[in-house]
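Numbering (the UniProt record's numbering), first residue to last: 1 to 153.
Virtual Cβ for every residue (Gly too), placed ideally from N, Cα, C.
First the structure, in the form of structure tokens, and then the observations on it.
As structure tokens, this is what we get:
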């Protein structure tokens, strides 16, 4: 487990940028935290690092998923409105992991064990309030156990 002090939105963006070059096809990044903690800010930083700095990265709250052409390809999921874990497959979660990576906000909608739906290689980040800023706690599974040691912001 590793923690990152995120005093402002720029620091949250930089964490996303630092994760991007470590991603490989088949991996998932899970973003936990209450509304307003910076999950979308982190996601935007990660996606723009994989695509281009001015990439339009809307929150997929209503579309549920946005796909981006990058290397590796990445799909940004917002699962908040899902009522059953299986609905994630209906919106392309399995295809996203077959072809590239998945960045998932509200992964708790996948049930108590998201790993059974995602495979072994995933990075879990939980963002919580910490005084005036935020604290991100990161844990790795599979390939991310070693990659987490390479993650510096």
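Buried or exposed by the 16-neighbour rule on C-beta atoms within 10 Å, applied to residue i
i	result
residue 121	buried
residue 86	exposed
residue 52	exposed
residue 84	exposed
residue 81	exposed
residue 1	exposed
residue 7	exposed
residue 35	exposed
residue 38	buried
residue 33	buried
residue 45	buried
residue 62	exposed
residue 60	buried
Residue i versus the options, residue with shortest Cα-Cα distance
i	options	result
residue 10	40, 90, 28	40
residue 76	107, 85, 83	107
residue 123	31, 5, 21	31
residue 100	67, 74, 111	74
residue 55	78, 63, 67	67
residue 113	141, 34, 45	141
residue 147	6, 20, 5, 8	20
residue 47	69, 35, 5	69
residue 145	63, 59, 22, 131	22
residue 111	88, 130, 43	88
residue 5	79, 65, 125	125
residue 58	49, 50, 43, 98	43
residue 79	72, 90, 64	64
Beta-bridge partners of residue i, as assigned by DSSP
i	result
residue 78	105
residue 138	2, 125
residue 154	Beyond the ends of the chain as shown, which are 1 and 153, falls residue 154; an answer cannot be given.
CB contact below 8 Å: residue i versus chain B
i	result
residue 103	The chain labelled as chain B is not found in the depicted structure, where only one protein chain is given.
*Say whether the stretch 128-142 touches the stretch 97-106, bearing in mind that this needs 3 or more beta-carbon pairs closer than 8 Å, one atom from each stretch.*
no
*asked:* Under 8 Å: do the stretch 18-34 and the stretch 115-131 share three or more Cβ pairs, one atom per stretch?
replied: yes
*Decide yes or no for the touch test of the stretch 2-22 against the stretch 90-99: beta carbon pairs closer than 8 Å, at least 3 of them.*
no
_What ranges does the beta strand (DSSP E) occupy inside the stretch 18-71, keeping only unbroken runs of at least 3 residues that lie completely in it?_
Runs found: 28-32, 65-68.
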